[in-house]
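This report refers to the structure that appears directly beneath it.
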Amino acid sequence: MGRHTLRTLVSAAAVFAGALLVPSASAAEASALPAGSFAAANGQLRVCGTKLCNSSGQQIQLRGMSTHGIQWYSQCVKPASLDALANDWGADVLRISMYIQEGGYETNPRKFTDMVHNYIEEATRRGMYALVDWHMLTPGDPNHNLARAKTFFTEIAERHRDKTNILYEIANEPNGGSVTWSRVKSYAEQLIPVIRAKDADAVVLVGTPAWSSFGVSYGKNESEVANNPLTLGNLMYTFHFYAASHDDTYLNTLSRAADKLPVFVTEFGTQNSAGEGANDFGRSQRYLDLMAQKKISWINWNFSDDHRSGAVFKEGTCAGNSFAGTGVLKEAGRWIRDRVRG
Numbered sequence: 061m062g063r064h065t066l067r068t069l070v071s072a073a074a075v076f077a078g079a080l081l082v083p084s085a086s087a088a089e090a091s092a093l094p095a096g097s098f099a100a101a102n103g104q105l106r107v108c109g110t111k112l113c114n115s116s117g118q119q120i121q122l123r124g125m126s127t128h129g130i131q132w133y134s135q136c137v138k139p140a141s142l143d144a145l146a147n148d149w150g151a152d153v154l155r156i157s158m159y160i161q162e163g164g165y166e167t168n169p170r171k172f173t174d175m176v177h178n179y180i181e182e183a184t185r186r187g188m189y190a191l192v193d194w195h196m197l198t199p200g201d202p203n204h205n206l207a208r209a210k211t212f213f214t215e216i217a218e219r220h221r222d223k224t225n226i227l228y229e230i231a232n233e234p235n236g237g238s239v240t241w242s243r244v245k246s247y248a249e250q251l252i253p254v255i256r257a258k259d260a261d262a263v264v265l266v267g268t269p270a271w272s273s274f275g276v277s278y279g280k281n282e283s284e285v286a287n288n289p290l291t292l293g294n295l296m297y298t299f300h301f302y303a304a305s306h307d308d309t310y311l312n313t314l315s316r317a318a319d320k321l322p323v324f325v326t327e328f329g330t331q332n333s334a335g336e337g338a339n340d341f342g343r344s345q346r347y348l349d350l351m352a353q354k355k356i357s358w359i360n361w362n363f364s365d366d367h368r369s370g371a372v373f374k375e376g377t378c379a380g381n382s383f384a385g386t387g388v389l390k391e392a393g394r395w396i397r398d399r400v401r402g
């Protein structure tokens, strides 16, 4: 998630209960895109110019949701909730948010890799694109986790290379004053060929400096990336915003960057940068209008029942199996559901 907040740890019992709902590897292997589903109809995505295009070369805009950290909120990612996301919300894409530190991947690589495998299969069964989010946060330099990333993405790409609905987000939110674009670019140049050796066609998403703000959060702008872009092809750059905190400086940066570079908003919220507080739906709608105009794909944070206002479900919802409709949603959840459905 957004960078400025401590995570609330759920109880071990809740995590264990959620983990039981993750399908087994043997069951996962049988999944395929349903005929006529969004991902089946649009096929293998690719970057064409500054836009995301489907297998026919048509520009498209994906709209969907991000899980919360799967080490804390796996109980919110289960068949009933994913059915609601795909069928009631009509989402095109599920972002699978796997933290590296903060009690995530580094604590048990086998467990978390298997969870991601299974969530990919669950998204596939429902005809959604699966965005695999390497959710590095602290430390902010992605090079700290380069060896881990190579191991993880080699396995993910090798197993799912024949799917047409996988996207790879290789650095969630690079941050820290010393983490310049040159540091992030070096990381991407080492990791992307590892993915492409297994899955040559998939789109890769690369985080940008200062919490994926193209440097704006540190007083810079998109020019650092635009003047020194990656040359590996078929990739996009990520931008994150939280509407109650991020004003027109951020909005205008997104607008300019999208005219120069392929941009994907892999995370945003209608609240402040901690994912909490009052919703600013007016500014959020301005961002969404811009993204619709420029065909910028977007994913909202987050598909959980965390106590913060940025979690779409009311607290306690994920203990049950009722996720469709608006009765289980917080104010932000009702608002974003309408925009996904629209």
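If you're matching positions, the sequence shown starts at 61 in my numbering and goes up one per residue. Ideal placement from N, C-alpha and C gives every residue a C-beta, glycine not left out.
- 149 is the residue among 149, 213, 241, 100 whose C-alpha sits nearest the C-alpha of residue 360.
- Taking 4 residues as the minimum length, the alpha helix (DSSP H) runs contained wholly in the region 191-256 are 206-220, in order along the chain.
- Annotated three-state conformation of residue 363 is coil, per DSSP.
- As summarised for the region 283-318, the continuous alpha helix (DSSP H) elements at least 4 residues long and confined to that stretch are 283-286, given in chain order.
- By the Cβ-count criterion, residue 219 is buried, with 16 or more other Cβ atoms from all chains shown falling within 10 Å of its own Cβ.
- Short of 6 Å from the beta carbon of residue 252, and not among the five residues preceding or following it, lie these beta carbons of its own chain, in chain order: 264, 292.
- In the three-state scheme derived from DSSP, where H, G and I count as helix and E and B as strand, residue 327 is classed as strand.
- Sequence-distant Cβ neighbours of residue 91 in its own chain, meaning closer than 6 Å and more than five residues away, are 181, 184, 185.
- By the 16-neighbour rule on beta-carbons within 10 angstroms, residue 334 is buried.
- Contact between the region 371-388 and the region 104-117 is absent, with fewer than three C-beta pairs closer than 8 Å.
- Exclusion of the five residues before and after residue 119 leaves 111, 113, 355 as the residues of its chain whose Cβ lies within less than 6 Å of its Cβ.
- For a cut-off of 8 Å, the C-beta gap from residue 129 to residue 164 is around 6 Å, short enough to register as a contact.
- By the Cβ test, the region 336-352 is not in contact with the region 134-144, since fewer than three Cβ pairs between them sit closer than 8 Å.
- Between the C-alpha atoms of residue 187 and residue 94 there is a straight-line separation of about 6 Å.
- Annotation: residue 107 is outside any alpha helix (DSSP H); the continuous beta strand (DSSP E) that includes it extends over 106-108.
- Remark: C-beta atoms of residue 153 and residue 189 approach each other more closely than 8 Å.
- Rounded to whole angstroms, residue 270 and residue 232 show a C-alpha spacing of 11 Å.
- Straight across, the Cα-Cα distance linking residue 329 with residue 214 is about 31 Å.
- Spanning the alpha carbons of residue 173 and residue 216 requires a straight line of approximately 8 Å.
- With 16 or more neighbouring CB atoms inside 10 Å of its own CB, residue 303 falls in the buried class.
- Around the beta carbon of residue 386, a 10 Å sphere encloses fewer than 16 other beta carbons of the protein chains shown; the residue is thus reported as exposed.
- With respect to the 8 Å criterion, residue 230 and residue 248 are classified as neighbours on the basis of their beta carbons.
- Residue environment for residue 401: exposed (fewer than 16 other C-beta atoms within 10 angstroms of its C-beta).
- Residue pairing by DSSP leaves residue 347 without any beta bridge partner.
- When the Cα atoms are used, residue 195 and residue 116 turn out to be separated by approximately 31 Å.
- Counted as a single uninterrupted DSSP element, the stretch harbouring residue 155 is not any alpha helix (DSSP H) but the beta strand (DSSP E) occupying residues 153-159.
- Between residue 156 and residue 193, the beta carbon gap of about 6 Å places them in contact (Cβ cut-off 8 Å).
- The continuous stretches of beta strand (DSSP E) do not include residue 142, which lies in the alpha helix (DSSP H) extending over residues 139-143.
- In the assembly as shown, residue 260 is an exposed residue. Its beta-carbon has fewer than 16 other beta-carbons within 10 Å.
- For residue 171, no beta strand (DSSP E) run applies; the uninterrupted alpha helix (DSSP H) run containing it begins and ends at 169-185, by DSSP.
- For residue 358, the secondary structure class from DSSP, reduced to helix, strand or coil, is strand.
- In this structure residue 276 is in contact with residue 309, their Cβ atoms being roughly 6 Å apart against a cut-off of 8 Å.
- The beta-carbon distance between residue 315 and residue 332, rounded to whole angstroms, is 22 Å. This is too long to meet the 8 Å contact definition.
- In the three-state DSSP reduction, residue 111 falls in the strand class (E or B).
- In this structure, 162 is the residue among 224, 162, 138, 398 with its C-alpha nearest to the C-alpha of residue 199.
- Closest in C-alpha terms to residue 281, from the list 321, 171, 254, comes 321.
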